[in-house]
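The opening residue of the sequence shown carries number 2 in this note's numbering; numbering runs sequentially from there. For each residue, glycine too, the CB sits at the ideal point set by N, CA and C.
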Amino acid sequence: MADTATAATKSSPATGNQPHYSFFHGVERNFDKAAQFTRFEKGILEQIKACNSVYQVKFPVRIGEKVEVIEAYRVQHSHHKLPCKGGIRYSMDVNQDEVMALASLMTYKCALVNVPFGGAKGGIRINPKNYSAYELEKITRRYTSELVKKNFIGAGIDVPAPDYGTGAREMSWIADTYASLHPGDVNALGCVTGKPVSQGGVRGRTEATGLGVFFGIRELCNVKEEMDRLGLSTGIEGKKVIVQGLGNVGYHAAKFFYNAGALIVGIAEYEGGVYNEKGIDLEKLVEHRKSSGSIHGFAGNQDITNSAAVLEMPCDILIPAALENVVNAGNAARIQAKIIGEGANGPLTPEADEILNAKGVRIVPDMFLNAGGVTVSYFEWLKNLSHVRFGRMDKRFIENVNSQILTSVEGLTGKKVTDRERQFILHGPDEVDLVYSGLEDTMIGSFHEIRESMMNLPGSDMRTAAFVVAINKVGVAYEELGIFP
Ligand code: NAD
């Protein structure tokens with residue numbers, strides 16, 4: 002992360018310091034910019050913007066010989082639809098301002114991709130690398146029981162998911178703690194998403210956000226007018242991509258770009274970065290990092306000591322997929338990418354947005370681009386409430402129908418398809434096929450809805466357009482919900 006960005010995001014509510022840069026105000030600024038293009042009265046807009054419930058809790062956990070006081074949050078930004086939904090982050094940068102900003106982005110994100118939830122977010126202010134798995138489990142279970150005590154979690158109330166520093170393991174601990182405090186609740190597993198498949202998770206959730214990032218950028222790259230404007234050819238193949246953060250979002254996004262024929266020319270991680278204009282072999286780099294403990298020293302690639310400098314190197318597409326504010330007033334002018342796909346939440350400050358928009362860079366905003374996670378979380382929640390795996394009822398039926406159609410066509414034409422073609426035509430959908438298909442459809446549909454809104458607002462950008470679409474949906478929901486007298 003750039004030094005300036007680190008300084009900007011470092012804030013410590015524990016010591017009473019205010020953040021130098023308010024992420025939440027940044028989101029509000031973007032909201033206000035878009036709100037002028039909507040028809041809603043001031044009060045409704047204020048209500049949409051406000052965080053409905055903010056819960057801060059401190060609890061003790063015995064770590065080794067000592068008792069540590071852990072600071073944690075859960076913010077429910079909007080109750081216009083229930084349950085609320087949003088990830089849980091483990092990071093030393095967690096503070097109230099950050100969680101509020103991330104919760105509000107979740108409201109707009111869910112509205113954009115037509116996921117019927119209000120936005121929420123949670124965070125625990127710890128560096129997970131400093132704790133053993135046993136200690137993390139204790140912290141996670143205690144946090145969950147604090148949420149239960151305040152009625153801040155439940156399939157119809159508020160449903161967390163993984164985010165920075167957490168994954169399927171933590172979600173499994175949350176589900177188990179919740180279920181043990183709600184004996185007999187048949188929907189208990191719907192209290193959290195991103196669980197392992199064996200614990201009620203859905204196939205395809207792990208890679209969902211990265212795959213959504215890929216689908217969203219692929220859709221942009223397929224629009225000829227957009228590529229002509231940027232001086233690029235259509236399609237993903239051959240595009241030079243830099244990814245920041247090789248975690249859940251960044252790694253999977255990079256993998257899908259790589260498999261589609263893009264060149265991954267740069268990777269930035271917290272210990273440094275690598276660059277290779279001919280393209281990096283992603284899986285070999287990941288293996289190398291696992292075995293050596295560092296991204297550096299992988300033969301054939303240029304090592305970059307200052308990780309943030311990788312963001313400024315030549316490429317067509319830059320995917321920041323680590324933390325917020327990494328592109329800011331300090332480095333925005335030096336960014337060479339023509340497309341920025343926000344894998345992370347809030348990686349660009351409003352100042353960076355202005356500088357890059359003025360340069361003609363196409364910024365694909367976080368609230369759309371990383372919505373793959375919540376989209377597939379929605380599918381997981383539906384699976385938990387329906388208690389049946391997707392595809393279980395219809396897979397065999399579809400295969401039988403396809404087989405009969407194929408037999409008839411072969412009989413009528415007197416020609417036979419190859420074994421490979423037969424396999425493809427007959428195949429009934431598995432759970433993962435349906436999840437990928439639902440995700441692809443969501444990302445394509447939302448992309449065009451946002452782009453259409455952008456085309457109707459001359460001189461605007463994709464973030465403003467996305468906010469307009471989201472505000473319109475949430476505003477209508479509030480109007481139709483009615484406001485208490
Ligand atoms: P993660 O913890 O799996 O991965 C983050 C990666 O970033 C790690 O590999 C970490 O080492 C790296 N990193 C940390 N500091 C860095 C730095 N200064 N420079 C470069 N790399 C650095 O987290 P994630 O789940 O992939 O989340 C990343 C971002 O995506 C966050 O902003 C999160 O809110 C957002 N997001 C995640 C999901 C999801 O489903 N996980 C969904 C939507 C949005």
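N- and C-terminal bounds of the alpha helix (DSSP H) containing residue i
i, result
"leucine 182", "169-182"
"leucine 482", "463-482"
"glycine 211", "209-222"
"proline 35", "For the sequence presented, residue 35 should be read as alanine rather than proline. Where alanine 35 is concerned, the enclosing alpha helix (DSSP H) stretches over 24-36."
"tyrosine 165", "Element bounds for tyrosine 165: n/a, residue is neither H nor E."
"isoleucine 49", "43-50"
"aspartate 229", "225-231"
"leucine 283", "283-293"
"histidine 253", "249-260"
Residue interval of the beta strand (DSSP E) (run including residue i)
i, result
"glutamine 510", "There is simply no residue 510 to check, as the chain begins at 2 and stops at 486 in what is shown."
"isoleucine 341", "340-342"
"valine 244", "241-245"
"alanine 269", "264-270"
"valine 275", "273-276"
"glutamine 303", "303-305"
"isoleucine 318", "318-321"
8 Å Cβ cutoff met for residue i and residue j
i, j, result
"isoleucine 243", "leucine 312", "yes"
"lysine 86", "cysteine 52", "no"
"glycine 123", "tyrosine 165", "no"
"isoleucine 445", "phenylalanine 215", "no"
"glycine 273", "threonine 306", "yes"
"tyrosine 56", "lysine 151", "yes"
"glutamate 400", "glycine 429", "yes"
"isoleucine 296", "glutamate 270", "yes"
"asparagine 371", "valine 250", "yes"
"tyrosine 22", "asparagine 457", "no"
"leucine 231", "isoleucine 340", "yes"
"valine 76", "alanine 104", "yes"
"glutamate 352", "proline 366", "no"
"tyrosine 379", "valine 116", "yes"
"isoleucine 49", "isoleucine 484", "no"
"alanine 322", "alanine 254", "yes"
"glutamate 238", "glycine 262", "yes"
"leucine 221", "lysine 241", "no"
"valine 95", "isoleucine 125", "yes"
"leucine 482", "histidine 81", "yes"
"lysine 384", "aspartate 431", "no"
"leucine 233", "aspartate 317", "yes"
"glutamate 147", "valine 58", "yes"
For residue j and residue i, believed in contact at Cβ under 8 Å, the rounded distance
i, j, result
"isoleucine 336", "leucine 319", "7 Å"
"alanine 309", "asparagine 329", "Between asparagine 329 and alanine 309 the Cβ distance is about 10 Å, and since that is not below 8 Å, they are no contact."
"valine 475", "serine 79", "7 Å"
"leucine 113", "phenylalanine 391", "About 23 Å separates the two Cβ atoms, so there is no contact after all."
"glutamine 303", "valine 275", "7 Å"
"glutamate 381", "valine 203", "4 Å"
"isoleucine 71", "isoleucine 154", "With 8 Å as the limit, isoleucine 71 and isoleucine 154 do not qualify as a contact, their Cβ atoms being about 17 Å apart."
"alanine 121", "methionine 101", "That pair is no contact at about 10 Å."
"leucine 247", "glycine 157", "Actually they do not touch by this definition, with Cβ atoms about 36 Å apart."
"valine 433", "glycine 205", "5 Å"
"aspartate 229", "isoleucine 364", "That belief does not hold up - the Cβ atoms of aspartate 229 and isoleucine 364 are roughly 18 Å apart, past 8 Å."
"threonine 376", "glycine 213", "7 Å"
"asparagine 194", "alanine 162", "This sequence places threonine at residue 194; asparagine is not what is there. So it is a contact: roughly 5 Å between Cβ atoms."
"glutamate 99", "phenylalanine 24", "5 Å"
**Message:** Quick check on the DSSP output: what are the complete beta strand (DSSP E) runs of length 3 or more inside the stretch 356-400, in order along the chain?
**Reply:** 363-365
**Message:** Ignoring anything shorter than 4 residues, give me the alpha helix (DSSP H) runs that lie fully in the stretch 65-145, in order along the chain.
**Reply:** 97-113
**Item:** 4-residue-minimum alpha helix (DSSP H) runs that sit fully inside the stretch 415-468, ordered along the chain
**Value:** 420-427, 432-456
**Asked** Counting Cβ pairs, one atom from each stretch, are 3 or more of them under 8 Å apart for the stretch 26-36 and the stretch 341-359?
**Response** yes
**Prompt:** Between the stretch 185-201 and the stretch 404-411, do at least 3 Cβ pairs fall closer than 8 Å?
**Reply:** no
**Message:** Below 8 Å, how does it come out for the stretch 194-214 and the stretch 276-290: are there three or more Cβ pairs, yes or no?
**Reply:** no
**Prompt:** Does the pairing of the stretch 174-188 with the stretch 357-366 give three or more beta-carbon distances under 8 Å?
**Reply:** no
**Asked** How do the stretch 127-145 and the stretch 83-97 stand: do at least 3 beta-carbon pairs fall below 8 Å, yes or no?
**Response** yes
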